[in-house]
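S.K.: Here the protein sequences line up with chains A and B, keeping their order. For the first sequence, the numbering used here begins at 220 and goes up steadily by one. For the second sequence, the numbering used here begins at -1 and goes up steadily by one.
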Amino acid sequence: TAGITQAPTSQILAAGRSMTLRCTQDMRHNAMYWYRQDLGLGLRLIHYSNTAGTTGKGEVPDGYSVSRANTDDFPLTLASAVPSQTSVYFCASSATSADTQYFGPGTRLTVL
Amino acid sequence: EDQVTQSPEALRLQEGESSSLNCSYTVSGLRGLFWYRQDPGKGPEFLFTLYSAGEEKEKERLKATLTKKESFLHITAPKPEDSATYLCAVNWGAGGTSYGKLTFGQGTILTVHP
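1) Less than 6 Å between C-beta atoms, sequence neighbours within five positions excluded: which residues of the same chain meet that for B:S96?
2) Drop a sphere of 10 angstroms on the beta-carbon of A:L306, count the other beta-carbons inside from all chains shown, and report buried for 16 or more, exposed for fewer.
3) A:A311 and A:F322: beta carbons closer than 7 Å?
4) Grab the span of the beta strand (DSSP E) containing A:A300 for me, first residue to last.
5) Name the DSSP bridge partner or partners of A:Y308?
6) Kindly indicate the opening and closing residues of the beta strand (DSSP E) around B:K55.
7) Let me know the beta strand (DSSP E) ranges lying completely inside the region 264 to 294 of chain A, each 3 residues or longer, listed in chain order.
8) Measuring alpha carbon to alpha carbon, tell me which of A:G235, A:T270, A:T329 ends up nearest A:R247.
9) Looking only at its own chain, which residues have a Cβ that is under 7 Å from the Cβ of A:V301, when we skip the five neighbours before and after it?
10) B:V88 bridges to which residues according to DSSP?
11) Going along chain A, which residues have a C-beta under 8 Å from B:S89?
12) Give me the Cβ distance between B:S18 and B:A75, rounded to the nearest whole Å; I'm assuming they're in contact under 8 Å.
13) According to DSSP, simplified to helix, strand and coil, what is B:T24?
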């Protein structure tokens, strides 16, 4: 099985533009997560969803929004990108919010 | 402040030279401790989950152990292909908003020379 797929693999975005990072899982996991990974800061949680139809804020949610219309998809939207959002973004999922999280391959985003 | 600290930041080993990586945590209400391996340009790959002090898990040359305040990832007779960044994460909290959210350490960059 594919597990978790993310798109695009990488993107260069002009500041002020909007963008949606896509994440799809085929494991029928209830919980999904978005993290950003920055050198020296490690992985930090942006938003999470414990089940379809619900979402919650993580450690660094400002400037980002998410939706969870169904079990499989969990898109992350940057409404108006800023250079500080340059990072590598990882989507993850777990069977429940207490279980092991499995990560996707990541999206490298550069905001100029 | 609740946190997760990994040491050392970087470790260089010769092939066959066994060693250990450390992950110490100061969170309350540990629900699980996770070890991941991350290769450059890729997402973290799950290795182990430990739930209670005294628990041990093994996989090939890797063995993870857990005490009340720290976890060790022991690497026995490492090979160059074991070179990667090893991440530790804890799932903690008494429930509510902390439930299911991982706090990651900074990682240990392991390099194994042939």
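In this text, a Cβ means the ideal position worked out from N, Cα and C, and glycines have one as well.
M.R.: In terms of the structure at hand:
1) Residue confidence for B:S96 is low, a pLDDT of 49 falling below 50, so the modelled location carries little weight and cannot support an answer.
2) As written in the sequence, residue 306 of chain A is Ser, which differs from the Leu given in the question. Buried, since its Cβ has 16 or more Cβ neighbours within 10 Å.
3) yes
4) Counting along the chain, no beta strand (DSSP E) covers A:A300, and no H or E run does either.
5) A:R255, A:T326
6) 54 to 57
7) 283 to 285
8) The option with the nearest alpha carbon to A:R247 is A:T270.
9) Within the same chain, and ignoring the five residues on either side of A:V301 in sequence, the residues whose Cβ sits closer than 7 Å to its Cβ are A234, G282, V330.
10) The partner list for B:V88 (beta bridge, DSSP) reads B:L31, B:T101.
11) Going by the sequence as given, residue 89 of chain B is Asn instead of Ser. Here the neighbours are A317.
12) That belief does not hold up - the Cβ atoms of B:S18 and B:A75 are roughly 13 Å apart, past 8 Å.
13) coil
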